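Residue numbers (this note's numbering): 3 to 504.
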């Protein structure tokens with residue numbers, strides 16, 4: 003049996019669902035999970051449990067894709083009452099299992115772990131406040147904002163203001179008009195309409211995007227959701243200004259980290275963007291590791307012979323050890339995120355391996371006395387910090403380890419360094435969450451526990467396992483929260499952020 007035949011039962015069932023009503027139901031469930039509405043409970047065969055413990059956000063997001071493709075404007079079924087949602091998600095899981103049936107093996111199951119992590123882990127993140135501030139700071143750096151304004155005609159602050167206003171409205175409304183006037187908060191109508199244009203498209207265009215992205219194989223569940231790029235959809239050609247949002251979380255994501263796609267193809271993008279992220283990491287370090295207990299050095303050019311080198315982006319030192327940090331703003335491609343083929347994953351992960359090995363080369367120069375940093379006979383630990391979360395897990399983590407070892411050997415670097423000063427690769431979010439633990443216990447005490455077996459562990463998982471009490475006590479912090487008042491008026495913030503702000 004071919005995979006499309008296995009997919010047909012889901013398609014045929016979806017055709018019985020009402021398009022607008024079911025997308026509105028999805029919006030309702032997403033907002034229910036965020037606390038905007040009372041939680042629904044279901045019987046799981048043993049006990050009553052909250053629906054969010056049995057049906058997950060990532061499954062709702064996949065359902066949004068399938069409903070847009072196949073639900074009918076005249077369908078009779080809905081996702082409410084909740085039995086309609088349960089029926090569809092059960093079918094979703096069944097189709098996913100059937101798609102992989104022909105290739106099922108321990109190896110294929112393992113290779114799918116990376117794509118599974120990419121699909122699910124992002125929906126488990128609860129530190130949205132810090133992520134939004136991070137992207138605001140990165141995109142509001144003067145050189146980066148100049149690119150954004152040149153490409154879109156809208157400033158970073160205006161993107162955020164309109165995005166927050168839309169998100170606040172969507173807390174209690176499924177629909178919104180693109181004629182919404184935000185002049186009371188200082189946004190010209192032409193600029194807010196530009197943002198709406200960037201965030202929305204008619205149903206037919208969205209369906210075309212879904213069809214182009216669709217794959218009926220063992221990566222079917224993991225394929226990219228075009229709603230992430232344009233989360234607002236016009237369902238009625240006779241009222242194109244009236245927009246609907248089945249997945250509200252995509253709005254704030256799109257006006258923050260999604261601004262990357264507005265400028266990534268612009269001439270002169272790479273250097274300002276990378277420099278802005280590096281500067282942001284420096285702000286996090288300065289806010290978390292205060293002087294005089296910690297000493298922080300920024301990158302400075304140096305020479306080895308006639309060669310000019312740049313060195314590590316940041317070097318952090320305490321009385322126990324040294325942390326050498328390299329900051330990388332590159333993203334994993336969408337194809338690699340959904341891949342179950344190690345060759346495709348490996349091509350992307352090799353970029354990180356190059357960064358790790360380059361950091362070891364910088365450390366070698368520093369230990370040889372070529373840089374501003376003075377050798378101090380304390381342990382040295384390299385950390386590559388990525389702007390985006392690569393979710394190195396399963397095959398991606400193993401492929402990184404293999405690639406680093408290969409490139410270390412090719413560069414004639416001491417492979418024993420992987421044991422004596424093991425590297426870490428952490429997303430900026432993970433580093434932000436873990437750095438208070440490092441600051442409390444000390445650089446040496448924290449990283450000395452990282453043995454070679456931990457090379458494939460995410461830094462957050464390592465902190466949670468080895469320093470559980472300190473991590474739990476320090477992880478819940480809001481970085482730079484005093485700066486929100488200069489960015490977004492209090493009345494524009496969605497309720498959950500107003501609670502944090504006050």
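For every residue, glycine included, the Cβ atom is placed at its ideal position computed from N, Cα and C. These figures come from a predicted structure and were not determined experimentally.
Helix, strand or coil: which one does DSSP assign to residue i?
{"i": "residue 182", "result": "coil"}
{"i": "residue 20", "result": "strand"}
{"i": "residue 428", "result": "strand"}
{"i": "residue 310", "result": "strand"}
{"i": "residue 407", "result": "helix"}
{"i": "residue 319", "result": "strand"}
{"i": "residue 232", "result": "coil"}
{"i": "residue 478", "result": "coil"}
{"i": "residue 103", "result": "helix"}
{"i": "residue 415", "result": "coil"}
{"i": "residue 243", "result": "coil"}
{"i": "residue 7", "result": "helix"}
{"i": "residue 331", "result": "coil"}
{"i": "residue 449", "result": "helix"}
{"i": "residue 325", "result": "strand"}
{"i": "residue 396", "result": "coil"}
{"i": "residue 188", "result": "coil"}
{"i": "residue 14", "result": "helix"}
{"i": "residue 170", "result": "helix"}
{"i": "residue 501", "result": "Summary for residue 501: the model assigns pLDDT 46, below 50, so the residue's position carries little reliability, and this model does not support an answer."}
{"i": "residue 444", "result": "coil"}
{"i": "residue 377", "result": "coil"}
{"i": "residue 238", "result": "coil"}
{"i": "residue 227", "result": "coil"}
{"i": "residue 470", "result": "helix"}
{"i": "residue 257", "result": "coil"}
{"i": "residue 218", "result": "coil"}
{"i": "residue 422", "result": "helix"}
{"i": "residue 489", "result": "coil"}
{"i": "residue 454", "result": "helix"}
{"i": "residue 27", "result": "helix"}
For the alpha helix (DSSP H) containing residue i, list its first residue and its last residue.
{"i": "residue 352", "result": "344-369"}
{"i": "residue 275", "result": "272-290"}
{"i": "residue 149", "result": "144-154"}
{"i": "residue 115", "result": "115-122"}
{"i": "residue 265", "result": "262-265"}
{"i": "residue 72", "result": "59-72"}
{"i": "residue 268", "result": "Per DSSP, residue 268 belongs to no alpha helix (DSSP H) and is neither H nor E."}
{"i": "residue 336", "result": "336-339"}
Residue range of the beta strand (DSSP E) that residue i falls in?
{"i": "residue 203", "result": "202-204"}
{"i": "residue 388", "result": "382-388"}
{"i": "residue 300", "result": "297-300"}
Taking DSSP's pairing of strands, which residues face residue i in a bridge?
{"i": "residue 50", "result": "45"}
{"i": "residue 96", "result": "In the DSSP output, where bridge partners are listed per residue, residue 96 has none listed."}
{"i": "residue 77", "result": "The partner list for residue 77 (beta bridge, DSSP) is empty, contrary to what the question assumes."}
{"i": "residue 305", "result": "310"}
{"i": "residue 37", "result": "Partner(s): none; residue 37 has no beta bridge."}
{"i": "residue 86", "result": "In DSSP, residue 86 forms no bridge with anything."}
{"i": "residue 177", "result": "246"}
Between the options, which lies nearest to residue i when the distance is taken from Cα to Cα?
{"i": "residue 478", "options": "434, 486, 101", "result": "434"}
{"i": "residue 273", "options": "227, 332, 263", "result": "332"}
{"i": "residue 313", "options": "155, 326, 483, 349", "result": "326"}
{"i": "residue 57", "options": "43, 166, 68, 393", "result": "43"}
{"i": "residue 294", "options": "119, 319, 153", "result": "319"}
{"i": "residue 92", "options": "264, 446, 15, 162", "result": "15"}
{"i": "residue 455", "options": "469, 384, 426, 415", "result": "426"}
{"i": "residue 358", "options": "214, 347, 315", "result": "315"}
{"i": "residue 147", "options": "212, 34, 268, 221", "result": "268"}
{"i": "residue 186", "options": "355, 321, 163, 45", "result": "163"}
{"i": "residue 317", "options": "311, 297, 335, 467", "result": "297"}
{"i": "residue 394", "options": "459, 421, 308", "result": "459"}
{"i": "residue 72", "options": "360, 24, 161", "result": "24"}
{"i": "residue 192", "options": "160, 473, 172", "result": "160"}
{"i": "residue 407", "options": "424, 396, 275", "result": "424"}
{"i": "residue 328", "options": "361, 246, 343", "result": "361"}
{"i": "residue 234", "options": "354, 189, 169", "result": "169"}
{"i": "residue 437", "options": "419, 420, 463", "result": "463"}
{"i": "residue 89", "options": "299, 18, 367", "result": "18"}
Are the C-beta of residue i and some C-beta of chain D separated by less than 9 Å?
{"i": "residue 149", "result": "No chain D is part of this structure, which consists of one protein chain only."}
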